[in-house]
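Novice: Quick one: the structure is below, and I'll ask about it shortly.
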Amino acid sequence: MASTNPLHIDLFAAAHNASPLRINLSNDFFEALEQNEIIGGNMDVTVIVAQTAGDFFRVSYKLKGEVRVACDRCLDDLDLEIDTSDNIKVYYGDASLQIEEDIRELPAGSNIYDISWDIYEISESSLPLKRMHERSLCNQDMITRLHEMTANNEHEE
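Just so we're on the same page, the working numbering is the position in the sequence shown counted from 1, plus 1.
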């Protein structure tokens with residue numbers, strides 16, 4: 002039975018389908034994941050599945066849009082552009098086989114692969130290490146409070 006969730010794909014069917022999968026993700030996607038780095042966003046995702054050899058697949062992702070994170074300086078919401086791509090290798094089969102560390106495994110008997118976490122990891126890894134507004138756009142009230150707290154902590158030590 003085919004899944005109605007567009008993020009749960011049948012690898013074998015998708016590999017034989019010549020058309021890329023196109024998915025639009027919104028705030029709901031990021032809220033449903035058990036993570037707290039990306040608060041929300043709106044992103045178009047293109048997925049292409051190719052069966053490379055036997056039971057090995059290459060899942061290619063193209064992500065374009067924006068995500069919302071907390072500013073490292075003032076903690077207000079900050080929207081950042083995403084425009085990235087990546088490939089994930091997936092192996093369908095026996096868990097007892099020794100396979101490379103960077104290959105995802107899909108247990109035998111299940112053709113359905115959930116691409117949600119791949120999309121999250123690709124999004125997260127494409128973001129800059131420092132996530133900040135331009136200084137003039139930061140919440141000045143919050144910055145003042147943080148400086149006061151830091152100064153108070155230094156006086157207590």
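Note that beta-carbon positions come from the ideal geometry of N, C-alpha and C, so glycine has one too.
Would H240 pass as a contact of C75 if the rule is Cβ separation under 8 angstroms?
Specialist: Given a span of 2 to 158 for the chain in the structure shown, any question on residue 240 remains unanswerable.
Novice: Using the rule of at least 16 other Cβ atoms within 10 Å of the residue's Cβ for burial, across every protein chain shown, is L79 buried or exposed?
Specialist: Flag for L79 reads buried.
Novice: Can you tell me which of N112, D56, T53, E67 puts its alpha carbon nearest to the alpha carbon of I120?
Specialist: The option with the nearest alpha carbon to I120 is E67.
Novice: Is it right to say G42 is buried, meaning 16 or more other beta carbons lie within 10 angstroms of its own, or is it exposed?
Specialist: Classification for G42: buried.
Novice: Excluding the 5 residues flanking H9 on each side, which residues of the same chain have their C-beta closer than 6 angstroms to its C-beta?
Specialist: Answer for H9: I113, D115, listed in chain order.
Novice: Quick one: using the 10 Å Cβ neighbour count with 16 as the cut-off for buried, is A152 buried or exposed?
Specialist: Classification for A152: exposed.
Novice: Please confirm whether A109 and G94 have their CB atoms less than 8 angstroms apart.
Specialist: Closer than 8 angstroms, so yes.
Novice: Along the chain, where does the beta strand (DSSP E) containing N88 start, and where does it finish?
Specialist: Start and end: 78 to 94.
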